[in-house]
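Structure record follows, encoded as structure tokens.
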Amino acid sequence: MKSIQVNGQGRQFPPEDMPATLSALLERLGIGAATVVAEVDGQIVTPEQFAQTQIREGQTIELVKFMGGG
Numbered sequence: 003m004k005s006i007q008v009n010g011q012g013r014q015f016p017p018e019d020m021p022a023t024l025s026a027l028l029e030r031l032g033i034g035a036a037t038v039v040a041e042v043d044g045q046i047v048t049p050e051q052f053a054q055t056q057i058r059e060g061q062t063i064e065l066v067k068f069m070g071g072g
């Protein structure tokens with residue numbers, strides 16, 4: 003199993019099922035790319051970079067979801 007940390011929680015994937023990019027991870031989690039800000043290993047990743055940002059075992063990913071309201 004390969005593992006990453008997402009918002010402080012460990013997530014494990016079989017090697018053949020590990021999301022290759024941040025976009026693939028968001029899709030797997032059911033999160034729309036337009037609704038989040040992402041940080042990978044302490045580096046902010048803009049939505050334009052999600053598809054090119056490779057995910058590797060052991061990385062720490064923080065996802066902050068936008069909330070509407072007033």
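When the sequence shown is numbered by the working numbering, its final residue is 72 and no position is left out of the sequence of numbers. Beta carbons: idealized from backbone N, C-alpha and C, even for Gly. Only a predicted model underlies this, so the values are computations on that prediction, with no experimental measurement involved.
Would you grab the beta carbon distance between Gln57 and Ala22 for me? Rounded to a whole angstrom, and I think it's under 8 Å.
Looking at the sequence provided, one finds Ile at residue 57 rather than Gln. The distance from the Cβ of Ile57 to that of Ala22 is about 6 Å, consistent with a contact at the 8 Å cut-off.
Since Gln11 and Ser5 are thought to touch, with beta carbons under 8 Å apart, how far apart are those beta carbons, to the nearest angstrom?
Rounded, the Cβ-Cβ distance is 10 Å, inconsistent with contact.
Three-state secondary structure (DSSP) at Ala22?
Coil, per DSSP.
Inter-residue Cα distance where the pair is Gly60 and Gln7
Each residue's Cα considered, the two are about 7 Å apart.
Applying the criterion that 16 or more other CB atoms from any shown protein chain within 10 Å of the CB defines a buried residue, is Leu31 buried or exposed?
By the neighbour-count rule (16 or more Cβ atoms within 10 Å), Leu31 is not buried but exposed.
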